[in-house]
Structures are given as structure tokens and as C-alpha cells.
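Engineer: Structure provided below as C-alpha cells; questions to follow.
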Amino acid sequence: MSAQTPRRTAGVLIASTRAAAGTYQDECGPLIADWLYALGYDIVLAEVVPDGVEVAASLQRILALEPSVLLTSGGTGLSPDDVTPESTEPLLDRQVPGVMEALRAKGMASTPMAAISRGFAGTAGRTFVVNLPGSPGAVADGLAVLEPIIGHICGQLEGKREH
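Numbering (the UniProt record's numbering), first residue to last: 1 to 163.
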């Protein structure tokens, strides 16, 4: 991006009861934030919250800032308090299922556990929202899938007609 082009903004939400309690060092948040910054995004809000009901409140706080992108990590498994997808889905105006299909396909190349990762990708207003799994390896796989498409998605949400 040129010096005259404003940087896009992003929000990061980590859903992890252990990380929120300080008993586990979150590795996914810094991985996501560094990746976003390298692509030209400034983080407007990054939060680590316990799995469960606090996820929905955090999603709403971040979306209120209208970032270009909101990436979540964690809370996409089958544990009773893994509710990130259920908290995300009602906030989406449109789903982009192909993104989640690509994320799961990339993950399946590394581990069969990717098949049980739940999550959504879609738009909330002009914000592109993606639920990534909670492990650093899965996040790295997800970011690899997103890298070639995230700029185009944001451009479309900004009203640019690039094709």
C-alpha cells in the first residue's frame, strides 16, 4: 500500500478459557495480529475471552468498530462451551461457505481433526468475519488460505469492482 492509501483495520478475538485465565499462553492472537499487520491491516481491538457467553459480547464490541476484517480463533470444537460459531452466525448478513470449505480442506491435509472444526465465514456489514480453529497450526493453515483472497474480499466490501 502506498503512503497515501489508508491501512485497513482488523479485529482479533481469541476464545480460550485457559488463555483468558492466564493459565495458558495464547499463541494464536499474536500469530494472527502479525499476519494482519504484514498485510497492511491495523488492529483496532484484540481480545482474549473465555469460551462461552463472553464470545458474543466480544464479537459485538469488535464489530461496532467496523473493522475491515474480524478473525476469531478458538471455540469451534464440540465441547459444551465451544460456541464461537453459534455466536457468530446471527451477526452475519451473508455467509461465504467456500472459505470454510477451503479452510477445512487445507486442515485435513495436516490432521483428520480438521473435519470436526465448526465455524463460519461471512460478512457483517462491510466486515469480513472468519472463525478459525484454536490451535496455532490450524490458524497458520487458515491464514495461508486467506492470504490470496482477503484483499479482494475487502475490496469488494469497500465497493471496488476488481473483475
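Don't be surprised by glycine CBs; every beta carbon is placed ideally from N, CA and C.
By Cβ distance, which residues of its chain are closer than 7 Å to Gly52, with the 5 residues on each side in sequence left out?
Structural biologist: Cβ neighbours of Gly52 beyond the five flanking positions: Asp81 and Val83.
Engineer: For a test of your reading of the model: does the CB of Glu47 fall under 6 Å from any non-hydrogen atom of the ligand PLP? Yes or no.
Structural biologist: As presented, the structure is devoid of all ligands, the ligand PLP included, so that no description of it is given.
Engineer: From the DSSP output, read off the bridge partner residues of Arg8.
Structural biologist: Tyr41
Engineer: So, for Ser2: in the same chain, excluding its five sequence neighbours on each side, which residues have a beta-carbon less than 6 Å away from its beta-carbon?
Structural biologist: Here the model assigns Ser2 a pLDDT of 48, short of 50, so the residue's position is not dependable, and the following value carries that caveat. Excluding residues within five positions, none has a Cβ falling inside 6 Å.
Engineer: Looking at Gly107: is its Cβ nearer than 7 Å to the Cβ of Ala138?
Structural biologist: yes
Engineer: Give every residue of the same chain whose Cβ lies closer than 6 Å to the Cβ of Val48, excluding the five residues on either side of it in the sequence, and list them in chain order.
Structural biologist: Ile14, Ala19, Ala20 and Asp26
Engineer: Candidates Ser117, Ala33 and Ala121: which alpha carbon is nearest Ser79's?
Structural biologist: Comparing Cα positions, the closest option is Ser117.
Engineer: Across the segment 35 to 42 and the segment 87 to 104, are there enough close Cβ pairs to call them in contact, namely three or more that are closer than 8 Å?
Structural biologist: no
Engineer: Whole alpha helix (DSSP H) runs in the UniProt domain "MoaB/Mog" (11 to 153) with 4 or more residues, listed along the chain?
Structural biologist: 17 to 21, 28 to 38, 54 to 64, 84 to 88, 97 to 108 and 136 to 146
Engineer: Between Phe128 and Thr23, what straight-line distance do the alpha-carbon atoms span, to the nearest angstrom?
Structural biologist: 31 Å
Engineer: Taking just the CA atoms, how far does Arg161 sit from Val55?
Structural biologist: 34 Å
Engineer: Given a cut-off of 7 Å, decide if Ser16 and Gly74 are closer than it, judged by their beta-carbon atoms.
Structural biologist: Yes, Cβ-Cβ distance for Gly74 and Ser16 is below 7 Å.
Engineer: With 16 as the cutoff for other CB atoms within 10 Å, does Met100 come out buried or exposed?
Structural biologist: buried
Engineer: To which residues of the same chain is Pro133 closer than 6 Å at the C-beta, ignoring the five residues directly before and after it?
Structural biologist: Thr76 and Ser117
Engineer: So the candidates are Met113, Pro97 and Leu70; which of them puts its Cα closest to the Cα of Trp35?
Structural biologist: Leu70
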